[in-house]
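**Student:** Under this note's numbering, the first residue of the sequence shown is numbered 23, with each subsequent residue one higher.
First, the structure itself, so that you have it in front of you.
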Amino acid sequence: MDEFSRLVQLLSGSRRLVAFTGAGMSTESGIPDYRSPGGVWSRFRPPVLQEFLADRKARERYWRFYAETFPAFQEARPNPGHRALGRLHAEGRLAAVITQNIDGLHARGGVPAQDVLELHGGVFASACLSCGEHEARTADLLERFLADGQPPACPRCQGPLKPRTVSFGQSLDGELLERAASLAAQADLMLVMGSSLAVTPAAQLPEITLAAGGGLIILNRDPTHLDSRADLVLRTPAGETLARAVEALLGGSDD
Ligand SMILES: [Zn+2]
């Protein structure tokens, strides 16, 4: 059996599938992998959270970075891989998506928001880091920032506003991580898409699935430390490959 048929067979046999997605999934929607060498982050040197809180210049630099990168998020559309996951969910074949991505594309691809665990947060909503009460649309804050050059501040307490993404130096949401670990433990198959599984603790989730006796599929361009323990590894574009597999499994899509 070739690798593609094996992929379809494994997906077909799964009763409790969980997907884990990383930057490679979003690059297929035109979102650059900011953290890769030579990416925008390496030019801007993103502030760690402590610096963001303490230093106005760091906040200004951060919002300038956002002004440059945010349009890519606004213009991005779900790709065939996102829609394939949406179809699997609609058919009752996918329990949840755990993602390192901050682009909101899984929900737009058809997986209901409550079944998408965004471990690193999302770019579209911002919140006050001091009072935690005030929320705003990142797009509105950016518009004002571009007009007056002032890093956005909370109208209630003057604390700094920041997109709801997990920054360097900021820990992941413990409750969310616990839910992800429990999903990983219950999964009979974990489908890794577009992640090199290099960032801990999120990247340890597939190991939880393996330890609990579940299977593992890795669709990723680069090797990962779990390749030797996976049931199947395909070094092809993750979204495109899954879309073909889901078509083979469920028949052609309507759109
Ligand atoms: Zn506030």
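For each residue, glycine too, the CB sits at the ideal point set by N, CA and C.
Everything numeric in this text was worked out from a predicted model, so none of it was measured.
#1: Can you tell me whether C176 is buried or exposed? The criterion is at least 16 other CB atoms within 10 Å of its CB, across all chains shown.
#2: Can you tell me where the alpha helix (DSSP H) with P185 in it begins and where it stops?
#3: Using DSSP's beta-bridge definition, name the partner residues of L238.
#4: Would you mind sorting D125 into buried or exposed? The rule is 16 or more other CB atoms within 10 Å of its CB.
#5: Which of helix, strand or coil does DSSP assign to G144?
#6: From A147 to L241, what does the alpha carbon distance come to, in whole angstroms?
#7: Expressed to the nearest angstrom, what Euclidean distance is found between the alpha-carbon atoms of G191 and L141?
#8: Counting only the same chain and skipping the five closest in sequence on each side, list residues whose C-beta sits under 7 Å from that of R99.
#9: Quick one: which unbroken beta strand (DSSP E) runs of 3-plus residues sit fully inside the stretch 49-132? Chain order, please.
#10: Say the cut is 6 Å; is the CB of S152 nearer than that to a heavy atom of ligand 1?
#11: Kindly indicate the opening and closing residues of the alpha helix (DSSP H) around L232.
#12: Rounded to whole angstroms, what is the Cα-Cα separation between G235 and V40?
#13: On a CA-only basis, which of A260, L211 and A206 is nearest A225? Give me that one, please.
#14: Are G44 and Q122 close, meaning C-beta to C-beta below 7 Å?
#15: Starting from L266, follow the alpha helix (DSSP H) in both directions and report where the run begins and ends.
**Tutor:** A quick look at the data gives this:
#1: Reading the sequence shown from its first residue, position 154 is the one you call residue 176. Answer is buried; the Cβ neighbour count reaches 16.
#2: For the purposes of this step, residue 185 is taken as the residue at position 163 of the sequence shown. That residue, P185, is in no alpha helix (DSSP H); its beta strand (DSSP E) goes L183 to T187.
#3: Working through the sequence shown from its first residue, we reach residue 238 at position 216. Answer is M212, bridged to L238.
#4: To locate residue 125, count along the sequence shown from 1; it is residue 103. The residue is buried, with at least 16 neighbouring Cβ atoms inside 10 Å.
#5: Here the question's residue 144 lines up with position 122 in the sequence shown. In the structure shown, G144 sits in a strand (DSSP, three-state: E or B).
#6: What you label residue 147 is simply residue 125 of the sequence shown in a count that begins at 1. What you label residue 241 is simply residue 219 of the sequence shown in a count that begins at 1. Straight-line Cα distance between these residues: approximately 30 Å.
#7: As a position in the sequence shown, residue 191 is number 169, starting the count at 1. As a position in the sequence shown, residue 141 is number 119, starting the count at 1. Rounded to whole angstroms, G191 to L141 spans 15 Å at the Cα level.
#8: Your numbering for residue 99 matches position 77 in the sequence shown. Closer than 7 Å at the Cβ level, and outside the excluded window around R99, lie S51.
#9: 116-121
#10: Mapped onto the sequence shown, residue 152 falls at position 130. Checking the Cβ of S152 against ligand 1 gives yes.
#11: Counting from one through the sequence shown, the residue named residue 232 turns up at place 210. Residues L227 to A233.
#12: Position 213 of the sequence shown holds residue 235. Position 18 of the sequence shown holds residue 40. Their Cα atoms are separated by approximately 14 Å.
#13: In the sequence shown, residue 225 corresponds to position 203, counting from 1. It is A206.
#14: Position 22 of the sequence shown holds residue 44. Position 100 of the sequence shown holds residue 122. Yes, these two residues count as a Cβ contact at 7 Å.
#15: Mapped onto the sequence shown, residue 266 falls at position 244. Note that residue 266 corresponds to Arg in the displayed sequence, not to Leu. Segment A260 to L272, the alpha helix (DSSP H) holding R266.
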